[in-house]
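In what follows, a single structure is set out as structure tokens and then discussed.
Residue numbers (the working numbering): 337 to 672.
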């Protein structure tokens, strides 16, 4: 038989020498070199757990110790072993007590009369790995909670089927004006303008068909004060407390869209000004150049010259009017 060669520090809390010897034999049958620490009462066990320089991988606990036993012993041991799996080894069959102990955090509940090396080893490995996975899950949930609740952008989680808000961060509460209690009593429909609901339901059908896919889009939302905002939504699937849900990240782009609209309006005005400069101003300039050419090239009578000078003055006035119009339009565009 191949033994487990990993190092294990195992604390055996057992006041019966015969039972301790049997447990030690079982451990050494499955594990190459287990470090077995033995205590015979709660006081000694507490001292070991509070002052042990080497970490304990698992505690094997007898329920009947000279100075403490039963439910009180279980509760106090769980306080000492918050990060150490505890396996109860007992000679008493009490289903209700075993269920209650496991519900409080005991890793496993084994009867001494049914115990063997293989069952004990499997229980130890199972409890160690389960605690490791639970710690990883707790850490993952902590990271999610920090990312979610500390995000400067509004975020929420909603149920895909009912559309209920399941969780909402502080940024969303500040931005939309609803309290957490108000959000959790609402659905997604409540933050959509009434006239947008047909489009909302069409998008909702699409999201349900592709529930596990990343999705994004620009939509209109309504705040508690009635203000309608434009938002860029990023969403993805998440399993939240056993419910199919989506986590949403919201970026309010209302001001950005207003800025873009203002720029587009100003660009149109500038294009009109440019058109004036390139087309409207060209007509009087062309006339002036033509008149100057006639004055230079032709032998004209005084009467003809007077007529051309009158035309020249008229063109100059027309040009001055166009220039003033362009200047006024340019100034108005700068003020917007």
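Beta carbons: idealized from backbone N, C-alpha and C, even for Gly.
Return the chain-ordered list of same chain residues with a C-beta closer than 7 Å to the C-beta of residue 434, the five sequence neighbours on each side being excluded. Taking the first residue of the chain shown as 1, we reach residue 434 at position 98. Closer than 7 Å at the Cβ level, and outside the excluded window around residue 434, lie 445.
I'd like the ranges of any alpha helix (DSSP H) spanning at least 4 consecutive residues and lying wholly in the segment 459–545. Listed in chain order, the complete alpha helix (DSSP H) runs (minimum 4 residues) inside the segment 459–545 are 506–512, 516–520, 533–545.
Measuring straight from C-alpha to C-alpha, what distance separates residue 427 and residue 450? In the chain shown, counting from the first residue as 1, residue 427 sits at position 91. In the chain shown, counting from the first residue as 1, residue 450 sits at position 114. Near 9 Å, if we compare the C-alpha coordinates of residue 450 and residue 427.
Three or more C-beta pairs below 8 Å linking the segment 547–563 and the segment 527–534: Segments in contact, yes.
Run through DSSP, which three-state label would residue 547 get? Translated into the one-based positions of the chain shown, residue 547 becomes position 211. Residue state, collapsed to three classes: coil.
State the CB to CB distance for the pair residue 359 and residue 348, rounded to an integer number of angstroms; the pair is presumed to be in contact (CB under 8 Å). As a first step, residue 359 must be located in the chain shown, where it is residue number 23. As a first step, residue 348 must be located in the chain shown, where it is residue number 12. Indeed, because the Cβ distance is near 6 Å, the residues count as touching under 8 Å.
Can you pull the DSSP bridge partners for residue 568? Sequence index remark: in the chain shown, residue 568 carries index 232 (1-based). Answer is 554, 587.
Given residue 367 as reference, the closest of 414, 341, 492, 538 once Cα atoms are compared: One-based indexing of the chain shown puts residue 367 at position 31. For residue 367, the closest C-alpha among the options 414, 341, 492, 538 is that of 341.
I want to know whether the segment 471–491 touches the segment 502–521 - three or more CB-CB distances under 8 Å. Contact holds: three or more Cβ-Cβ distances are below 8 Å.
Whose CA, out of 635, 607, 652, 637, lies closest to the CA of residue 625? One-based indexing of the chain shown puts residue 625 at position 289. In terms of CA proximity to residue 625, 652 leads the group 635, 607, 652, 637.
Give me the Cα-Cα distance between residue 504 and residue 523, rounded to the nearest whole angstrom. Position 168 of the chain shown, counting from 1, holds the residue named residue 504. Position 187 of the chain shown, counting from 1, holds the residue named residue 523. Looking at the backbone, the Cα of residue 504 and that of residue 523 are separated by about 12 Å.
Ignore the nearest five residues each way along the sequence and tell me which others in residue 500's own chain have a CB closer than 6 Å to its CB. Within the chain shown, the letter at position 164 stands for residue 500. The beta carbon of residue 500 sits closer than 6 Å to the beta carbons of 523 from its chain, once the five residues preceding and following it are set aside; these are given in chain order.
CA-CA distance, residue 515 and residue 577? Within the chain shown, residue 515 is the residue found at index 179, counting from 1. Within the chain shown, residue 577 is the residue found at index 241, counting from 1. In this structure, the alpha-carbon of residue 515 lies about 22 Å from that of residue 577.
So who's on the other strand from residue 445, going by DSSP bridges? One-based indexing of the chain shown puts residue 445 at position 109. Paired residue(s): 424.
Give me the Cβ distance between residue 553 and residue 565, rounded to the nearest whole Å; I'm assuming they're in contact under 8 Å. The residue labelled residue 553 in the question sits at position 217 within the chain shown. The residue labelled residue 565 in the question sits at position 229 within the chain shown. In this structure residue 553 is not in contact with residue 565, their Cβ atoms being roughly 14 Å apart against a cut-off of 8 Å.
Residues in its own chain within less than 7 Å of residue 572 by CB, not counting five upstream and five downstream? Taking the chain shown and counting its residues from 1, the one referred to as residue 572 is at position 236. Around residue 572: 550, 582, 583.
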